[in-house]
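Participant: Going by full-length UniProt numbering, the letters in the sequence shown line up with residues 4 to 141, in that order.
Ideal Cβ placement from N, Cα and C applies to all residues, glycine included.
I am attaching a structure below and will ask some questions about it afterwards.
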Amino acid sequence: VQRSLVLVKPDGVRRGLSGEILRRIEAKGYTLVAVELREATEEILAAHYAEHEGKPFYAPLVEFMLSGPVLAVVIEGQRCIEGFRSLAGATDPTTAAPGTIRGDLGRDWGLAVQQNLVHGSDSEESAAREIGIWFPSL
Ligand code: GTP
Ligand code: MG
Numbered sequence: 004v005q006r007s008l009v010l011v012k013p014d015g016v017r018r019g020l021s022g023e024i025l026r027r028i029e030a031k032g033y034t035l036v037a038v039e040l041r042e043a044t045e046e047i048l049a050a051h052y053a054e055h056e057g058k059p060f061y062a063p064l065v066e067f068m069l070s071g072p073v074l075a076v077v078i079e080g081q082r083c084i085e086g087f088r089s090l091a092g093a094t095d096p097t098t099a100a101p102g103t104i105r106g107d108l109g110r111d112w113g114l115a116v117q118q119n120l121v122h123g124s125d126s127e128e129s130a131a132r133e134i135g136i137w138f139p140s141l
């Protein structure tokens with residue numbers, strides 16, 4: 004059975020959507036293994052977003068992720084990595100399909116980075132790496 008790291012990003016927490024996003028995860032049948040409201044740090048984000056270092060949206064992404072608390076979540080369930088990515092929808096909230104978190108709840112605010120409400124691990128390797136970053140005790 005898989006585990007995935009999910010983040011409700013600062014826009015989701017600020018807009019009061021944490022509960023709605025957890026509701027969708029639970030309604031899908033995934034188990035909540037850990038849920039913690041956290042302030043990200045430069046160190047955590049440098050590790051978490053290492054693959055994006057050097058890209059034009061990297062600095063605004065880190066700044067955005069430091070703009071308020073995030074809800075850090077570990078979920079568990081059969082194929083939950085791919086399953087949560089499907090629940091989340093496409094990266095761009097404008098084109099994310101209705102029925103998805105980003106498609107239903109997100110929009111383009113015209114800012115330097117896509118404020119797209121959630122993060123979800125994209126592979127088993129990423130999930131193990133990211134869970135180690137956010138929840139070293141798990
Ligand atoms: P995550 O689940 O957050 O990792 O989203 P993702 O896997 O759909 O996107 P990706 O890992 O490629 O990018 C990480 C984050 O950087 C995205 O969620 C966006 O917030 C931001 N981002 C990615 N690509 C772009 C882009 O082309 N333009 C802008 N402005 N932001 C981007
Ligand atoms: Mg990603």
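Under 7 Å, do K12 and V73 count as touching if we go by C-beta distance?
Facilitator: yes
Participant: Buried or exposed for R6, going by 16 or more other Cβ atoms inside 10 Å?
Facilitator: buried
Participant: Take the Cβ of P96 as the centre, count every other Cβ of all protein chains shown within 10 Å, and call the residue buried at 16 or more, exposed below.
Facilitator: Counting other Cβ atoms within 10 Å of its Cβ, P96 reaches 16 or more and is therefore classed as buried.
Participant: Determine the extent of the alpha helix (DSSP H) in which S126 is found, giving its start and end residues.
Facilitator: S126 -> no alpha helix (DSSP H), and no H or E assigned at all.
Participant: Going by other Cβ atoms of all chains shown within 10 Å of its Cβ, with 16 needed for buried, is W112 buried or exposed?
Facilitator: exposed
Participant: Please name the residue, chosen from T94, G71 and F60, that lies closest to V116 on a Cα-to-Cα basis.
Facilitator: F60
Participant: Just reading off the alpha helix (DSSP H) that E23 is part of, what are its end residues?
Facilitator: S21 to K31
Participant: How is the alpha helix (DSSP H) around L90 delimited, first residue to last?
Facilitator: Where L90 is concerned, the enclosing alpha helix (DSSP H) stretches over C83 to A91.
Participant: Mind checking who A75 pairs with in its DSSP beta bridge?
Facilitator: Beta-bridge pairing links A75 to L10 and E39.
Participant: Please report the residue range of the alpha helix (DSSP H) in which P63 lies.
Facilitator: Y61 to M68
Participant: Looking at C-beta atoms only, is the number of pairs between the segment 64 to 82 and the segment 7 to 27 that lie closer than 8 Å three or more?
Facilitator: yes
Participant: Expressed to the nearest angstrom, what Euclidean distance is found between the alpha-carbon atoms of E23 and G86?
Facilitator: So the alpha carbons of these two residues sit roughly 17 Å apart.
Participant: Measure the beta-carbon distance from L108 to L20 and round it to whole angstroms, keeping in mind my assumption that it falls under 8 Å.
Facilitator: 6 Å
Participant: Give the secondary structure of residue 149 by DSSP, where H, G and I count as helix, E and B as strand, and everything else as coil.
Facilitator: Because the chain spans 4 through 141 in this model, residue 149 falls outside it and cannot be assessed.
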